[in-house]
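Student: Using the working numbering, the first residue of the sequence shown is number 94, and each one after it goes up by one.
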Amino acid sequence: MILSSRSFGKPVESLGEMKEAVATYASWSAEKLRDDKSAANFIGVTIKTNKHRLNDKQYRNVQILSFPNATSYTPEIIEYALKCLEMIYREGYRYKKAAVFLMRIVPASNTQINLFQSNYPFEKREKIMYAFDKVNRIFGPETVKSAATGMKKFWKGKKELISKRYTTRWDEIMEVKI
Numbered sequence: 094m095i096l097s098s099r100s101f102g103k104p105v106e107s108l109g110e111m112k113e114a115v116a117t118y119a120s121w122s123a124e125k126l127r128d129d130k131s132a133a134n135f136i137g138v139t140i141k142t143n144k145h146r147l148n149d150k151q152y153r154n155v156q157i158l159s160f161p162n163a164t165s166y167t168p169e170i171i172e173y174a175l176k177c178l179e180m181i182y183r184e185g186y187r188y189k190k191a192a193v194f195l196m197r198i199v200p201a202s203n204t205q206i207n208l209f210q211s212n213y214p215f216e217k218r219e220k221i222m223y224a225f226d227k228v229n230r231i232f233g234p235e236t237v238k239s240a241a242t243g244m245k246k247f248w249k250g251k252k253e254l255i256s257k258r259y260t261t262r263w264d265e266i267m268e269v270k271i
C-alpha cells in the first residue's frame, strides 16, 4: 500500500479546496508508484474532521474504487481519487485531514489488460509519465503538475511546524559550536 496524507493548515470547508488536496495527494502517490516501477489496482480516499474540536460536527468516511487496469498514470489516479471524494464529501463540516491510498500494488511490467480494453494505451501513458517525472527530477518537484492540484493551496500545512530532518537532508544537519 502507498499512502499520502497530511493534516490541513486550516480547516477545509469547501469541496473545491478538498479536491485540490486530494488531487495533490493522488499525484504524490502516483509518483511514488512510478519510482517503485509499480502499478496499483485499487484507490481509496478518506476524509475526516478534527475529533479534538468537540464543538464542531464530526464526520469521517472512506471510499475505495478499482481501476479498470493496474495503473500509475497520474491523470487516471487523480480522476478516480476525485470520484471517491465526491462519493463521501458532505457540506457543512470543517475537515482536518484527507488521505489517498493505493492498494494491491503489482510490478508495472506485469500489468494485465482488461479483456474488454485491448487498445489500452500503456506505452503512450508510460512515455508521458516518464517525461513528466524527468522534468520534475531536473527542475524540482511540481515543476510540471496537474491543474487539478491547484495553485494557491490555502489548505497546506504550516512549514514552520516541521521538525528538522537531520538524518536525511544535508542542509539541515545539526551544527555543534564549541
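Backbone N, C-alpha and C fix where the C-beta goes; we use that ideal spot for every residue, glycine too. Here the structure is a predicted model, which is why all the values come from computation and not from measurement.
Along the alpha helix (DSSP H) that carries M111, what are the first and last residues, could you check?
Tutor: Note, M111: alpha helix (DSSP H), L108 to D128.
Student: Tell me whether the beta-carbon of R197 lies closer than 8 Å to the beta-carbon of N134.
Tutor: It is a contact, given that the beta carbons lie within the stated cut-off.
Student: Counting along the chain, where does the alpha helix (DSSP H) carrying L175 start and finish?
Tutor: It spans T167 to I181 - the alpha helix (DSSP H) in which L175 sits, taken as one unbroken run.
Student: DSSP state of S239, grouped into three classes?
Tutor: Of the three classes helix, strand and coil, the one that applies to S239 here is coil, per DSSP.
Student: Whole-angstrom Cβ separation of A119 and V193, contact assumed at under 8 Å?
Tutor: Yes, A119 and V193 are in contact; Cβ-Cβ is about 5 Å, under 8 Å.
Student: Return the first residue and the last residue of the beta strand (DSSP E) that A133 is part of.
Tutor: First-last of the beta strand (DSSP E) with A133: S131 to T142.
Student: Rounding to the nearest angstrom, what Cα-Cα distance links R183 and I231 in this structure?
Tutor: About 40 Å.
Student: Pull up the distance between the alpha-carbon of I181 and that of A191, whole angstroms please.
Tutor: The alpha-carbon atoms of I181 and A191 are separated by roughly 11 Å.
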